[in-house]
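Taking UniProt numbering, I'd label the letters of the sequence shown as residues 1 to 268.
Okay, structure first, notes after.
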Amino acid sequence: MMEKLGLLAGVGHLPAACARAARALGYEVHAIALLPDCDPELKEAASVYREISIGSIASILAYLQQEGIGKVTMIGKVTKELLFTGQIQPDEMLRGMLMQLPNQNDDTIMMMFVGALMKVGVTPLDQTALIRPLMPSAGVLTSREPSDAERADMEYGLQMAREIGRLDVGQTSVVKNRAVMALEAIEGTDACIRRGGQLAGGGAVVAKAAKPQQDSRFDVPAVGLDTIESLVAAKASALVIEAGKTLFIDKERAVALAEANGITIAAM
């Protein structure tokens, strides 16, 4: 009998990529779409597909128990502003859990989920175990190498991105001539790139890094086609990611788009 794996899916292309990878490893993948705008490709990528709102914690836990699913992986974006804007109605269980938290940081909320899962005997798997192949090792991914100035900005940008990560604020920085144009907070990577790129007036360098205290069970930094589209819109010249720690989704298409727009991409 195949081992069942629960895939708690947020938005973006990552959950579908993860579902395919897990099935290739022999898992029966039960995908639970937590939000209405999950990737439509997830349905065919998974073995079993369900939609249960992230607000209905009790229903999610009940489904996992009823199906005898002992392992889950949490993947894709679930942004906490959904809780603040009232787009998601938390059930009684989630309301009770949120009230007990010392703060509403991303890591605090995710650890609360991990605790709830473990309490009912479900083990959260390291996200990266299934998707390690999607993490580029050090090197330049495009044919154009970064210039010396871009390389200096890449190093500085990664340093800044790690620093805001240490504070659990965001994972992305936009820099130009070793000056910070924008740092990511709740608006997300793409909005941060567009804002910073506009302020830089073109030629900005975008850096994405893992938090120094990154818990690899959730919120692993990821870039993809959307990221490159934002760089193009912002007239940015370069993207740097942290080698071996950042997921690159849709890499072939993303690199082709970067090449077409003279953007250099490096993993450092």
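No residue lacks a Cβ here, since even glycine has one placed at the ideal position from N, Cα and C.
Unbroken alpha helix (DSSP H) run spanning residue i, endpoints
i, result
"MET2", "Unbroken run through MET2: none, as it is neither H nor E."
"ILE193", "189-200"
"THR128", "127-131"
"LYS251", "251-260"
"LYS43", "42-45"
"LEU94", "92-99"
CB contact flag (residue i, residue j, <8 Å)
i, j, result
"GLY55", "ILE88", "yes"
"MET154", "ALA207", "yes"
"THR73", "LEU7", "yes"
"GLY170", "ALA185", "yes"
"SER230", "ILE263", "no"
"ILE60", "GLY10", "no"
"THR128", "THR189", "no"
"ALA46", "ALA62", "no"
"ALA222", "LEU64", "no"
"ASP215", "ASP106", "no"
"ALA254", "LEU225", "yes"
"LEU143", "GLU67", "Residue identity differs from the one stated: residue 143 is Ser in this sequence, not Leu. In this structure, GLU67 does not lie closer than 8 Å to SER143 by Cβ."
"LEU257", "VAL232", "yes"
"ALA238", "GLU150", "yes"
"TYR156", "VAL175", "yes"
Assumed close pair residue i, residue j - CB separation to whole angstroms, cut-off 8 Å
i, j, result
"LEU125", "LYS71", "5 Å"
"residue 299", "GLY196", "Outside the displayed range of the chain (1 to 268) lies residue 299, so it cannot be described from this structure."
"PRO212", "GLY165", "6 Å"
"PRO136", "PHE248", "5 Å"
"PHE112", "MET97", "The sequence given here has Met at residue 112, not Phe. At roughly 5 Å, the Cβ-Cβ gap stays under 8 Å, so MET112 and MET97 are in contact."
"ALA21", "LEU130", "5 Å"
"VAL240", "LEU158", "6 Å"
"ALA161", "VAL205", "About 11 Å; that fails the 8 Å criterion."
"LEU134", "ALA17", "7 Å"
Cβ-heavy atom distance, residue i to the ligand SAM, below 7 Å
i, result
"GLU184", "Of the ligands one can find in the structure shown there are none, so the ligand SAM has no counterpart to examine."
Three-way DSSP call (helix, strand, coil) for residue i in this model
i, result
"SER53", "coil"
"GLU155", "helix"
"ILE109", "helix"
"THR123", "strand"
"VAL78", "coil"
"GLY12", "coil"
"ILE60", "helix"
"GLY139", "strand"
"LEU167", "coil"
"VAL223", "strand"
"LEU25", "coil"
is_contact[residue i, chain D] using C-beta, thresh 8 Å
i, result
"ARG20", "In the structure shown, chain D cannot be found, because there is only a single protein chain."
Span of the beta strand (DSSP E) around residue i
i, result
"MET74", "71-75"
"SER173", "172-176"
"ALA31", "28-33"
"VAL180", "179-183"
"THR264", "264-267"
"VAL205", "205-208"
"ILE241", "238-241"
Closer than 8 Å is the cut-off here; do at least three beta carbon pairs connect the region 33-42 with the region 92-105? Output reads no: the region 92-105 does not touch the region 33-42.
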